[in-house]
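To keep things clear, I will list the structure first and then write my remarks on it.
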Amino acid sequence: MADGDASKNVLIVDMGHAQTTVSVLQFTKGSNDTESEGETITPTNETQFQVLASQSNSCLGAGCVDIRLWHHFVATMPQLQGITPKSRAGQRLLTGCRKLKHLLSQLPQGSVMVENVANDSDVTISATRTTLTDLCQDDAQALKELIQSSLQQANIGSNNASKNDNQLHVVEVLGGGCRIPLFQTCIQESLPVPEMTLSKSLDDTSAALGAALVGEVNNPQLVESVVVTPESLARRATLREAELVMAQLDAEQKEIANVRNRLESLVLELRSAKHAKHGSLLPKDLDGSLDEMDDWLFSPDSDQASLEAVTRKWNDFESQTKNLCADYYAAIAQEEQAKAEEMEAEAKQAQA
């Protein structure tokens with residue numbers, strides 16, 4: 002490679018539901034192109050790329066987490082014993098495990114209510130992120146081995162290659178599995194350079210651009226000229242406007258789902274609080290409010306509610322529960338304040 006050229010090695014980890022693929026690509030640009038350290042690589046007509054390594058594991062994916070949670074709850078909860086994976090109850094439990102996985106990707110602990118799963122009764126499954134980490138050690142190790150094997154095949158981090166050729170510059174992650182903190186940590190621990198930033202810039206646009214590049218390589222055609230007409234410009238403007246409208250609708254639906262998740266989490270939190278410390282401070286009429294919110298969450302009105310309506314429902318319910326559970330929340334706040342003061346006193350004593 003000429004002195005004026007610059008290259009970047011990119012590790013791509015694609016962890017889907019049932020399969021994981023790890024690839025190492027090298028992008029090379031001419032000396033006329035300038036790029037800074039850490040910027041996203043956007044291949045152009047002048048960009049050349051080479052696949053240095055690519056390996057897959059068809060038995061590793063985010064779905065493995067659902068299955069491990071499923072077996073964990075069946076083994077540890079007596080009311081779930083006897084449930085089979087192919088039964089309707091088993092499928093409902095698997096769906097609940099998937100929801101719990103999503104919660105644990107955002108929170109250190111979570112609970113999900115699974116309806117009609119054991120003797121026509123509802124069951125609440127709970128877990129912490131630590132429990133999830135312990136259950137998925139084999140999957141984490143398999144991901145590490147897949148990454149390290151791909152890097153070794155691509156000669157990344159080896160002393161046999163030149164200084165720039167064996168460096169890893171960018172790490173791109175995609176797929177639902179890469180949203181799980183356990184696997185994010187696993188990816189970082191497998192890299193030759195510790196604490197590299199995991200980029201998440203690959204989206205549908207990148208897939209379309211990659212397909213176009215492959216198509217150009219396999220079937221190159223020289224386009225002499227492109228005629229732009231007023232009709233084509235008008236159609237392009239119409240399509241762009243429609244795309245913006247759809248993007249706004251998608252964002253609104255995502256926010257509606259987030260608000261509904263907060264409502265459901267608050268209901269589950271208060272139901273569990275009755276059996277925890279300070280649970281005796283909760284009012285007896287709280288169950289009525291929680292049942293009413295549960296009924297609404299699983300009603301057609303909730304499915305058809307707008308973002309404004311769902312947000313108003315959240316504000317009203319949060320205000321209502323704060324008023325009903327004022328003594329409970331005051332006791333929790335007092336306990337947290339006491340713990341903070343105790344830790345501060347211990348820190349001062351340690352410094353003395």
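Using our numbering, read the sequence shown as starting at 2 and increasing by one per residue.
Glycine included, each C-beta is placed from N, C-alpha and C at the ideal position.
| said: Quick check: Leu26 and Asp140, are their CB atoms within less than 9 Å of each other? | reply: no
| field | Cut-off 6 Å between Cβ atoms - residues of its own chain near Cys98, not counting five sequence neighbours on either side | value | Asp67, Leu70, Trp71
| request: Note down, in chain order, each residue of its chain lying with its Cβ closer than 8 Å to the Cβ of Cys65, except the 5 sequence neighbours on either side. | output: Cys137, Asp140
| query | Near Ala7, what residues of its chain come up, given a Cβ to Cβ distance below 6 Å and the 5 sequence neighbours on each side ignored? | reply | Lys30
| message | In this structure, how does DSSP classify Asp121 when only helix, strand and coil are distinguished? | response | coil
| Continuous alpha helix (DSSP H) stretch holding Phe299: start and end | Taken as a continuous stretch (DSSP letters only), Phe299 belongs to no alpha helix (DSSP H), as it is neither H nor E.
| task | Give every residue of the same chain whose Cβ lies closer than 8 Å to the Cβ of Ser273, excluding the five residues on either side of it in the sequence, and list them in chain order. | result | Ser112, Thr125, Ser127
| field | Contact belief for Ala54 with Met16 at Cβ below 8 Å, rounded distance in angstroms | value | Actually they are not in contact, since the Cβ atoms of Ala54 and Met16 sit about 17 Å apart, beyond 8 Å.
| task | Quick one: measure Cβ to Cβ for Leu298 and Arg261, integer angstroms, because I've assumed they're closer than 8 Å. | result | 7 Å
| request: Rounded to whole angstroms, what's the CA-CA distance from Gly91 to Ala119? Just pull it up for me. | output: 10 Å
| Taking the alpha helix (DSSP H) that Asp135 falls in, what are its first and last residues? | 130–136
| request: Measure the Cβ-Cβ separation of Leu199 and Val172 and say whether it is below 9 Å. | output: yes
| field | Sequence-distant residues of its chain with Cβ nearer than 7 Å to Glu265 (five each side left out) | value | Leu298
| query | What whole-angstrom Cβ distance do Ile157 and Pro182 have, given they're in contact under 8 Å? | reply | Actually they do not touch by this definition, with Cβ atoms about 24 Å apart.
| query | Residues in its own chain within less than 8 Å of Asp196 by CB, not counting five upstream and five downstream? | reply | Per the sequence presented here, residue 196 reads as Glu, with Asp not at that position. Within the same chain, Glu196 has close Cβ partners Gln189.
| Should His276 go down as buried or exposed, given a rule of 16 or more other Cβ atoms within 10 Å for buried? | exposed
| message | Pull the bridge partners of Met78 from the DSSP assignment, please. | response | Answer by DSSP bridge pairing: none, since Met78 is not bridged.
| request: Report buried or exposed for Ala243, applying the criterion of at least 16 other Cβ atoms within 10 angstroms of its Cβ. | output: exposed
| query | From Ser122 to Gln153, what distance separates their C-alpha atoms? | reply | 52 Å
| request: Select from Glu256, Glu337, Met294, Cys187 the residue whose C-alpha is nearest the C-alpha of Glu309. | output: Glu256
| message | Threshold first: 4 residues or longer. Then list the alpha helix (DSSP H) segments lying entirely within the region 159–244, N to C. | response | 182–190, 205–219
| query | Do Thr322 and Leu271 come within 9 Å of each other at the CB atom, strictly closer than that value? | reply | yes
| query | Who are the Cβ neighbours of Tyr329 in its own chain at under 6 Å, not counting the five residues just before and after it? | reply | His279, Leu282, Leu283
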